[in-house]
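S.K.: Heads up: the sequence shown is residues 395 to 984, going by this note's numbering. Note that CB positions come from ideal geometry on N, CA and C, so glycine has one too. Sharing a structure below in structure tokens format, with a few things to ask.
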Amino acid sequence: MSVPQQQFDGFRLDFPATLDDARNAVRSVIKWLADQQILPDECQQWELVLAEAANNAVNYATPEQSLLTVRIEAALSAHDIEVRITDHTSGFDWPDHVELPEDDECDHGRGLFIISSLTDHVSYLRGKGHNVLCLRSQRKSTPKPHEDTEATLELMTAEVASCYETLANIFRLIADAGNDVEPVALASRWLEELRELAGADFLVLRMAGTEAGRLPIVGGVPSAIAWDPLLELRNHDAVETLAAVTRQDQWFDESTTFATADPLRKAGEHISGLSHPLESGGDLAGVLTVGVFKPRWEPSARELNVVRSLGDFLGALLHGLHRRDEANQSRLMKRELQIAADIQRSLLPAELPQTPFVHCAAHLATVGEVGGDYLDAILLPDGSLLFVVADVMGKGVPAALFATAFHSLLHSHLDLASQPSRLMRRLNKAMFAELDRADMFITAQLVHISADGLTLQVCGAGHAPLLLSGGSQIQEVCADGPPLGVTADADYQDFSVSLASYTHVLLHTDGLSDVVSGGGILSRDELHTWLRGVAAAASDAGTSRDSLHRLHRSAVDAASQQDDATFMIITRGAQTLTANTQNSLSHAKG
């Protein structure tokens with residue numbers, strides 16, 4: 395017969411599923427009741443009940459099921475006696491009404507009648523793989539209070555000493571954490587301390603990280619055990635997972651059947667201990683598992699207090715340190731992004747160049763601090779102008795880095811500005827290797843306008859068409875070669891357009907038109923309608939830029955969607971510059 399397992403406020407015994415062991419188990423329960431000063435007639439009554447109940451738990455066992463143990467538990471309160479019997483048989487259906495069999499020689503049903511008649515409450519829970527019979531009766535006599543003053547004083551002294559020891563260790567832990575120790579090093583050091591204080595053989599500490607549903611290991615002792623680095627919370631069969639999900643202590647011992655994927659199997663076969671959930675501010679902070687290399691662990695009240703109190707504080711402290719590090723990292727990243735944004739904005743012209751014949755205005759908007767859109771307008775020595783709009787695939791810092799490289803290469807090859815196709819080939823050749831390595835590409839559009847404002851040359855690399863209008867018609871120029879970074883030896887062509895009949899030109903990235911708006915998009919037709927309108931009204935470049943910005947902003951707001959968006963308006967005319975042409979480049983962060 396097995397002996398009582400872990401510490402339990404009552405009686406608990408596991409015994410083999412045989413009739414002889416069942417009878418011995420019943421005798422052990424009755425002896426325990428007698429030791430608890432239960433009256434002899436009550437003990438005799440419970441002996442009849444438990445004999446029938448234990449026999450039922452054994453009689454229904456198949457040969458395979460008889461290899462599994464039956465558990466009997468008894469507990470006392472001030473008013474009741476309660477006994478639970480758990481077996482691993484197929485069980486039976488408990489009848490709605492228990493009656494004495496009419497045939498005096500028939501034993502079937504007689505045991506259930508005895509059980510029901512001699513107890514105040516009976517419940518039978520039949521489950522898959524195990525069944526639980528719960529029996530309860532009111533005590534016939536209330537035990538007389540007995541107080542051992544000396545024992546009480548000893549217990550109080552031990553509790554005070556335990557609290558003082560725990561408090562002293564917490565102060566030591568706080569002081570240690572104040573020395574700016576790395577959280578992992580702090581956890582490893584205190585796991586060793588905690589193992590000694592708890593009288594344990596091994597400990598495992600897992601803390602909630604940034605990834606939901608997983609508990610990575612922070613430390614485990616002894617280090618010789620190859621603890622699993624990650625605990626998946628969806629593995630509900632693992633002891634540590636049960637502690638995390640239920641937020642309740644989970645005991646384990648030699649009778650525990652560990653799932654195949656349970657990380658605690660790494661500690662060995664004959665282990666026992668406790669998995670204790672750690673909380674911080676109502677959130678799950680982690681799980682601390684403490685155990686011994688023995689079939690059962692019977693920790694003292696002091697050892698349990700150390701595990702729970704000091705373990706809770708260590709978990710809360712590490713959780714706080716993790717949150718602090720996350721906040722510091724977030725602030726550092728934000729600062730770095732602000733610096734990157736300042737550098738990127740410094741690459742843009744403060745004001746776009748204007749000539750007596752050509753005026754321009756532009757707007758660049760990024761979703762984050764930095765983006766992949768780029769624009770430029772360069773006044774060349776002969777009075778002509780080069781306009782550039784580009785879009786690096788993606789967003790954020792990688793896109794901004796390639797946009798910066800694009801700017802540097804562009805300004806180092808301005809000798810080719812009057813031949814946009816040659817300049818585009820030079821840019822593609824210079825950037826191909828890096829773009830290909832990063833699996834990225836750039837769409838771009840180069841527009842060269844002569845000094846007199848009458849001739850336009852355009853070359854595109856996977857970019858949206860150039861739009862021109864004189865007020866009554868729209869022309870699209872699809873000067874479209876492959877994006878930069880797709881083919882090392884890509885060929886690009888120049889397209890020439892006479893601007894004699896056009897007054898307004900629009901260059902833009904796809905962020906301007908790829909916006910969902912009420913089920914549609916800021917479509918080609920809408921852009922055409924807008925461009926005809928500003929051309930017919932002879933709106934200057936700044937006014938045209940502002941009206942297109944408002945149109946795009948309304949589409950973005952309706953769609954609850956954002957993207958980097960860049961566009962440039964070029965107007966051609968002989969009028970004198972006005973105040974509206976100042977602040978020709980606007981910039982916004984979404």
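1) Which of the three DSSP states is assigned to Asp-481 in this structure?
2) By DSSP's criteria, Pro-814 is part of a beta bridge. Which residues make up the other side?
3) Please go through the same chain and pick out, in chain order, the residues whose beta-carbon is closer than 7 Å to the beta-carbon of Glu-586, but skip the five residues on each side of it.
4) Ends of the beta strand (DSSP E) at Asp-408?
5) Using only alpha-carbon positions, find the residue among Asp-809, Ala-455, Tyr-768 that is nearest to Leu-795.
6) Just the Cα atoms here: how many angstroms apart are Gly-914 and Ala-959?
7) Please classify Trp-645: does DSSP put it in a helix, a strand, or coil?
8) Smallest Cα separation from Leu-774: which of Ala-759, Ala-811, Ala-661, Val-791?
9) Please name the residue, chosen from Phe-409, Asp-514, Thr-412, that lies closest to Val-443 on a Cα-to-Cα basis.
10) Could you give the DSSP three-state label for Leu-900: helix, strand or coil?
11) Enumerate, from N- to C-terminal direction, the unbroken beta strand (DSSP E) stretches of 3 or more residues contained entirely within the stretch 747-791.
12) If you compare alpha carbons, which of Thr-798, Gly-856, Asp-770 is closest to Leu-779?
13) Thinking just about the alpha-carbon of each residue, which of Leu-506, Arg-421, His-524 is nearest to the one in Gln-459?
14) Helix, strand or coil for Gln-459 per DSSP?
15) Exposed or buried, which one is Ser-978 when buried takes at least 16 other CB atoms within 10 Å?
16) Closest to Pro-657 by CA distance: which of Ala-620, Glu-467, Asp-435 is it?
17) Would you check if the distance between the CB atom of Ala-882 and the CB atom of Asp-846 is smaller than 9 Å?
18) If we count the other Cβ atoms within 10 Å of its Cβ and call it buried at 16 or more, is Thr-975 buried or exposed?
19) From Leu-848 to Gln-748, what does the alpha carbon distance come to, in whole angstroms?
20) Helix, strand or coil for Ile-836, going by three-state DSSP, please let me know.
21) Which residues in the same chain as Ala-873 place their Cβ atom closer than 6 Å to its Cβ, once the five residues preceding and following it in sequence are excluded?
22) Between which two residues does the alpha helix (DSSP H) carrying Glu-446 extend?
23) Using DSSP with H/G/I as helix, E/B as strand and the rest coil, what is Ile-508?
24) Using only the alpha-carbon positions, how far apart do Thr-837 and Arg-939 sit?
25) My guess is that Ala-679 and Ala-602 are in contact by the Cβ rule of under 8 Å, so how many angstroms apart are they, rounded?
26) What residue from Leu-413, Asp-919, Val-752 has the CA that sits closest to Ser-844's CA?
27) Would DSSP call Asp-514 helix, strand or coil?
28) Would you tell me roughly how many angstroms separate the C-alpha atoms of Ser-980 and Glu-605, rounded to the nearest one?
29) Among residues of its own chain, excluding the 5 on either side of Ala-637, which ones have a beta-carbon nearer than 6 Å to its beta-carbon?
30) For Val-791, which of Gln-732, Leu-742, Gln-430, Asp-776 has the nearest alpha-carbon?
31) Can you give the Cα-Cα distance for Arg-819 and Ala-884, rounded to whole angstroms?
32) Using only the alpha-carbon positions, how far apart do Asp-414 and His-473 sit?
33) Hey, which unbroken runs of the alpha helix (DSSP H) at 4 residues or more fall wholly within the stretch 666-715?
34) Would you identify the three-state DSSP class for Pro-610, choosing helix, strand or coil?
35) What do you get for Arg-966, buried or exposed, if any count of 16 or more other CB atoms within 10 angstroms of its CB means buried?
36) Cα-Cα, which of Arg-608, Gly-613, Phe-596 is closest to Arg-583?
M.R.: Once the coordinates are examined:
1) Along the sequence shown, read from residue 1 onward, the residue named residue 481 stands at position 87. DSSP, reduced to helix, strand and coil, places Asp-481 within a strand of the structure shown.
2) Position 420 of the sequence shown holds residue 814. Answer is none; Pro-814 lacks a bridge partner.
3) Position 192 of the sequence shown, counting from 1, holds the residue named residue 586. Contacts found: Val-615.
4) As a first step, residue 408 must be located in the sequence shown, where it is residue number 14. In the DSSP assignment, Asp-408 falls within the beta strand (DSSP E) that extends over 405-410.
5) Counting from 1 along the sequence shown, the entry for residue 795 is found at position 401. The candidate whose alpha carbon is nearest that of Leu-795 is Tyr-768.
6) Residue 914 sits at position 520 when you count from the first residue of the sequence shown. Residue 959 sits at position 565 when you count from the first residue of the sequence shown. Confidence at Gly-914 is low in this model, with a pLDDT of 39, below 50, so its placement is unreliable and the value that follows should be read with caution. Gly-914 and Ala-959: Cα-Cα distance of roughly 18 Å.
7) Taking the first residue of the sequence shown as 1, we reach residue 645 at position 251. Under the three-state reduction of DSSP, Trp-645 is assigned to strand.
8) Locating residue 774 in the sequence shown gives position 380, where the first residue counts as 1. Of Ala-759, Ala-811, Ala-661, Val-791, the residue nearest in Cα terms is Ala-811.
9) In the sequence shown, residue 443 corresponds to position 49, counting from 1. Ranking the options by Cα distance to Val-443, first place goes to Asp-514.
10) Residue 900 sits at position 506 when you count from the first residue of the sequence shown. Judged by DSSP in its simplified three-state form, Leu-900 adopts strand.
11) Counting whole runs of 3 or more residues, the stretch 747-791 contains the beta strand (DSSP E) stretches 752-760, 767-773, 779-786.
12) Residue 779 sits at position 385 when you count from the first residue of the sequence shown. For Leu-779, the nearest C-alpha among the options comes from Asp-770.
13) As a position in the sequence shown, residue 459 is number 65, starting the count at 1. Closest by alpha carbon: His-524.
14) Against the sequence shown, residue 459 aligns to sequence position 65. In the three-state DSSP reduction, Gln-459 falls in the helix class (H, G or I).
15) For this step, residue 978 is matched to residue 584 along the sequence shown. The residue is buried, with at least 16 neighbouring Cβ atoms inside 10 Å.
16) Residue mapping note: residue 657 aligns to position 263 of the sequence shown, counting from 1. The closest CA to that of Pro-657, considering only Ala-620, Glu-467, Asp-435, is found on Ala-620.
17) Within the sequence shown, residue 882 is the residue found at index 488, counting from 1. Within the sequence shown, residue 846 is the residue found at index 452, counting from 1. Their beta carbons are not under 9 Å apart, which means Ala-882 does not touch Asp-846 by this criterion.
18) On the sequence shown, residue 975 is found 581 positions in, with the first residue counted as 1. Bear in mind that a pLDDT of 46 at Thr-975, under 50, signals an unreliable position, so the model cannot answer this.
19) Locating residue 848 in the sequence shown gives position 454, where the first residue counts as 1. Locating residue 748 in the sequence shown gives position 354, where the first residue counts as 1. Note on geometry: alpha-carbon atoms of Leu-848 and Gln-748 lie some 15 Å from one another.
20) Position 442 of the sequence shown, counted from the start, is the residue given in the question as residue 836. Three-state result, Ile-836: strand.
21) Within the sequence shown, residue 873 is the residue found at index 479, counting from 1. Val-852, Cys-853, Gly-854, Phe-889, listed in sequence order.
22) On the sequence shown, position 52 is the one that residue 446 refers to. It spans 434-453 - the alpha helix (DSSP H) in which Glu-446 sits, taken as one unbroken run.
23) Walking along the sequence shown from the start, residue 508 turns up at place 114. Three-state DSSP puts Ile-508 in a helix.
24) To locate residue 837, count along the sequence shown from 1; it is residue 443. To locate residue 939, count along the sequence shown from 1; it is residue 545. C-alpha separation (whole angstroms): 22 Å.
25) In the sequence shown, counting from the first residue as 1, residue 679 sits at position 285. In the sequence shown, counting from the first residue as 1, residue 602 sits at position 208. Contact holds; Cβ gap of about 6 Å.
26) For the purposes of this step, residue 844 is identified with residue 450 of the sequence shown, where counting begins at 1. Looking from the CA of Ser-844, the closest CA among Leu-413, Asp-919, Val-752 belongs to Val-752.
27) To locate residue 514, count along the sequence shown from 1; it is residue 120. The three-state reading of DSSP puts Asp-514 in coil, since its state is none of H, G, I, E or B.
28) What you label residue 980 is simply residue 586 of the sequence shown in a count that begins at 1. What you label residue 605 is simply residue 211 of the sequence shown in a count that begins at 1. If I take the Cα positions, the gap works out to 39 Å.
29) Start at 1 with the first residue of the sequence shown, and residue 637 comes out as number 243. If the five residues before and after Ala-637 are omitted, its C-beta is found closer than 6 Å to the C-beta atoms of Gln-644, Ser-669, Pro-671, Val-681, all from its own chain and listed in chain order.
30) Along the sequence shown, read from residue 1 onward, the residue named residue 791 stands at position 397. Minimum Cα distance to Val-791 is reached at Gln-732.
31) As a working mapping, residue 819 is identified with position 425 in the sequence shown. As a working mapping, residue 884 is identified with position 490 in the sequence shown. Roughly 7 Å between the two C-alpha positions.
32) Numbered from 1 along the sequence shown, position 20 holds the residue referred to as residue 414. Numbered from 1 along the sequence shown, position 79 holds the residue referred to as residue 473. Straight through space, the alpha carbons of His-473 and Asp-414 are spaced by roughly 32 Å.
33) Segments of the alpha helix (DSSP H) lying fully in the stretch 666-715: 695-699.
34) Position 216 of the sequence shown holds residue 610. For Pro-610, the secondary structure class from DSSP, reduced to helix, strand or coil, is strand.
35) Counting from one through the sequence shown, the residue named residue 966 turns up at place 572. Residue burial is scored here from C-beta neighbours: Arg-966 has at least 16 other C-beta atoms within 10 angstroms and is therefore classed as buried.
36) In the sequence shown, the residue the question calls residue 583 occupies position 189. Gly-613 is the residue among Arg-608, Gly-613, Phe-596 whose C-alpha sits nearest the C-alpha of Arg-583.
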